[in-house]
Amino acid sequence: MGDIPKSIRIGGRQVKITIVEDLEEYGNFTEDTLTIQLKKTDAETMRVTLRHELMHAALSISGISFIERLPEEAIVRCFDNIFFPAWEKLCKP
Ligand SMILES: [Zn+2]
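When the letters of the sequence shown are read in order and numbered with numbering that gives the first Met the number 0, they come out as residues 0 to 92.
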């Protein structure tokens, strides 16, 4: 993946991506403004963080994140830590 785009269309919505110099966390997704903020850091960390926040956006836009007591962060971290590493290993030639 090359440069971080300015926005991504997901679930029929346009999600803005802004890069913030001194963000206190690696990233966040704000449902009200459909914005992902990414901390300015190395390219790989930003790529993985964008993927993480996009999963939050997908869960939010789809309505799944509104299920009461959904362990959303745990679900997203499962994909971060278990699913994608396995998938990427599979995709490598
Ligand atoms: Zn998260």
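Note that the Cβ used here is the ideal one computed from N, Cα and C, for glycine as well.
Selected residue, minimal CA-CA separation from residue i, among the options
{"i": "E23", "options": "Q36, M54, I16, D31", "result": "Q36"}
{"i": "L58", "options": "F28, T44, V19, C90", "result": "F28"}
{"i": "R8", "options": "K39, A56, T40, A42", "result": "A56"}
{"i": "I60", "options": "Y25, D21, E30, F82", "result": "E30"}
{"i": "V47", "options": "L69, G26, D21", "result": "G26"}
{"i": "K38", "options": "L53, L49, W86, E20", "result": "E20"}
{"i": "T40", "options": "P84, T17, I74", "result": "T17"}
Residues near residue i in its chain [Cβ-Cβ closer than 6 angstroms; skip 5 each side]
{"i": "D79", "result": "H51"}
{"i": "S64", "result": "L58, E71"}
heavy atom of ligand 1 below 6 angstroms from residue i C-beta
{"i": "V75", "result": "yes"}
{"i": "E72", "result": "yes"}
Cβ distance (whole Å) where residue i is taken to contact residue j below 8 angstroms
{"i": "V14", "j": "T44", "result": "19 angstroms between Cβ atoms; not a contact."}
{"i": "L49", "j": "I3", "result": "6 angstroms"}
DSSP-derived helix/strand/coil call for residue i
{"i": "I7", "result": "strand"}
{"i": "I63", "result": "helix"}
Contacts around residue i, its chain only, beta-carbon distance under 7 angstroms, and the 5 residues preceding and following it disregarded
{"i": "M54", "result": "V75, F78"}
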